[in-house]
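S.K.: The structure follows.
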Amino acid sequence: MRTIIPPIKSQGIKTKLVPWINDVILRSGIDISKANWIEPFFGTGVVGLNSQLKGKFIVGDTNPHIINFYNGILSEGITPTKMRAYLERESKLLSTAEEDGYAYYREVKNRFNNSHNPFDFIFLSRAGFNGMMRFNRKGEWNIPFCKKPNRFSPAYITKICNQVSSVQQIIKSKDWEFKNQGFIETIKRAKEGDLIYCNPPYFGRFVDYYNGWTETDERNLFNALSETKAFFILSTWHHNEFRANEMIDNYWNSFNILTQEHFYHSGGHIENRHSIIEALVFNFELSDIVPTKIQRPIQYDLFANQSRDVCPSIATH
Ligand SMILES: C[S@@+](CC[C@H](N)C(=O)[O-])C[C@H]1O[C@@H](n2cnc3c(N)ncnc32)[C@H](O)[C@@H]1O
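Have a look at this one:
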């Protein structure tokens, strides 16, 4: 199945892990026709947006800009048409600005840091260096310009608007709730039979205003997930060529763990641009067989159980 890519970019985006996570869910025994999706660290949203669960989607993040953006989609304050009009206007201003566009990037950055406009959030996310998202100690956007004044070419604008459109369709087709809140509040919403998917900031790695993560946070998450009656999957890092994630031994080893190698292409620090062994930690057993009820829809034969003579308009073509 094609993975839907959201319009928000971030160095920690889990796009490449989506098929793996979905496969684990399909082998979990969770009743996907009923289970609610609970995601306390929503980030760009790529994992939840590609989830096949059919229940309610309750997601949270402490980053208000992410939640504002998705609430904008929900309320239709943000639509593909509005995004196109915005980007076409901004594209002209960027391409003709002084300092090879940097002067205008700075203007949008200052504007966003004052007004928190979700359209400006997408502009910065797409025109910032290396698709990174980082906020300084005052909670202000803190990524330099990608140095491409013609960043918003017609093809790139169409790509972003198509992403907005895909996300809009998914959000309209299910029941979504987006909350600007800490992970404990979101986890509390999970009931027996639901699935909590957690991808917290990685302990000992990337940190910014919305991604500070201490051992106390990890312990609180461990306690909340140990107590829940819901299913959970935690994405974390297992080790890289430099060191191991000590949180695995300290907390997560009592659950089931699968690992897979993953390569991160962006990140300010060299350690963040190497391959890493990603881990999925979960509190259920895996079956080897994907249940038949979630396999592809059957293509029904129009003539099944019928004599072909009784339907002449079809039978005589
Ligand atoms: C690693 S990112 C999630 C990435 C996401 N899975 C994706 O693929 O885009 C972690 C997210 O957790 C959020 N976050 C950090 N601390 C949090 C907390 N205490 N409670 C809730 N969200 C938090 C950050 O703002 C960030 O968006």
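Take 179 as the starting number for the sequence shown in our numbering and just add one per residue.
Ideal placement from N, C-alpha and C gives every residue a C-beta, glycine not left out.
For the beta strand (DSSP E) that contains residue 354, what are its first and last residues?
M.R.: First-last of the beta strand (DSSP E) with residue 354: 354-357.
S.K.: Rounded to a whole number of angstroms, what is the C-alpha to C-alpha distance between residue 250 and residue 204?
M.R.: One C-alpha to the other measures close to 31 Å.
S.K.: Which residue wins for smallest C-alpha separation from residue 347, given the options 318, 373, 257?
M.R.: Checking every option, the nearest Cα to that of residue 347 belongs to 257.
S.K.: Measure the Cβ-Cβ separation of residue 184 and residue 240 and say whether it is below 8 Å.
M.R.: For residue 184 and residue 240, no; Cβs fall outside 8 Å.
S.K.: Taking buried to mean at least 16 other C-beta atoms within 10 Å of its own C-beta, is residue 457 buried or exposed?
M.R.: So residue 457 ends up on the buried side.
S.K.: Tell me the rounded alpha-carbon separation between residue 352 and residue 235.
M.R.: Distance between the alpha carbons of residue 352 and residue 235 is about 8 Å.
S.K.: Can you find a heavy atom of ligand 1 that lies under 7 Å from the Cβ of residue 202?
M.R.: No, the beta carbon of residue 202 sits no closer than 7 Å to any heavy atom of ligand 1.
S.K.: Is residue 375 helix, strand or coil by DSSP?
M.R.: Three-state DSSP puts residue 375 in a strand.
S.K.: Shorter than 7 Å, the distance from the beta carbon of residue 308 to the closest heavy atom of ligand 1, or not?
M.R.: No, since every heavy atom of ligand 1 falls outside the 7 Å radius drawn around the Cβ of residue 308.
S.K.: From the DSSP output, in three-state form, read off residue 406 for me.
M.R.: Here residue 406 sits in coil by DSSP.
S.K.: Please name the residue, chosen from 406, 266, 453, 307, that lies closest to residue 297 on a Cα-to-Cα basis.
M.R.: Closest by alpha carbon: 266.
S.K.: I need the straight-line Cα distance from residue 471 to residue 334, nearest angstrom please.
M.R.: Reliability fails at residue 471, whose pLDDT of 46 lies under 50, so the model's placement of it is uncertain and the value that follows must be treated cautiously. Rounded to whole angstroms, residue 471 to residue 334 spans 38 Å at the Cα level.
S.K.: Only counting the same chain, and skipping five residues up and downstream in sequence, which positions put a Cβ closer than 6 Å to that of residue 264?
M.R.: Closer than 6 Å at Cβ, skipping near neighbours: 297.
S.K.: Which ranges would you report for the alpha helix (DSSP H) in the region 187-261 if only whole runs of at least 4 residues count?
M.R.: Within the region 187-261, the complete alpha helix (DSSP H) runs of at least 4 residues are 196-204, 224-227, 242-253.
S.K.: Strictly by DSSP, which residues pair up with residue 441?
M.R.: According to DSSP, residue 441 bridges with 453.
S.K.: Which whole-angstrom value describes the C-beta separation of residue 217 and residue 375, a residue pair presumed to lie in contact below a C-beta threshold of 8 Å?
M.R.: 5 Å between Cβ atoms; contact.
S.K.: Between residue 339 and the rest of its own chain, which residues show a CB-CB distance below 6 Å, the 5 nearest in sequence each way excluded?
M.R.: Correct list, in chain order: 258, 261, 262.
S.K.: From the DSSP output, in three-state form, read off residue 460 for me.
M.R.: If DSSP states are grouped into helix, strand and coil, residue 460 belongs with the strands.
S.K.: Check whether the region 198-214 touches the region 269-280, counting contact only when three or more Cβ pairs, one atom from each stretch, lie closer than 8 Å.
M.R.: These segments do not touch.
S.K.: Can you give the Cα-Cα distance for residue 187 and residue 416, rounded to whole angstroms?
M.R.: If I take the Cα positions, the gap works out to 24 Å.
S.K.: Under the three-state reduction of DSSP, which class applies to residue 552: helix, strand or coil?
M.R.: A question about residue 552 goes unanswered here, because the residues of the chain that appear run from 179 up to 495.
S.K.: I need the boundaries of the alpha helix (DSSP H) containing residue 296, first residue and last residue.
M.R.: 296-305 is the span of the alpha helix (DSSP H), which, as asked, contains residue 296.
S.K.: In angstroms with no decimal places, state the Cα-to-Cα distance between residue 304 and residue 437.
M.R.: Using only the alpha carbons, I get a separation of about 31 Å.
S.K.: Quick one: grab the DSSP three-state call for residue 313.
M.R.: DSSP places residue 313 in strand when its eight states are reduced to three.
S.K.: Is residue 388 near ligand 1 - that is, is its Cβ less than 7 Å away from at least one heavy atom of it?
M.R.: Yes, the Cβ of residue 388 comes within 7 Å of a heavy atom of ligand 1.
S.K.: Is residue 240 a contact residue of ligand 1, with contact defined as CB to any heavy atom under 7 Å?
M.R.: Yes, the Cβ of residue 240 comes within 7 Å of a heavy atom of ligand 1.
S.K.: Comparing alpha-carbon positions, which option in 394, 397, 248, 453 lies nearest residue 419?
M.R.: Checking every option, the nearest Cα to that of residue 419 belongs to 453.
S.K.: Considering only DSSP beta bridges, list what residue 435 is partnered with.
M.R.: BP columns for residue 435 point to 459.
S.K.: Under the DSSP definition of a beta bridge, which residues are partnered with residue 319?
M.R.: Per DSSP, 313.
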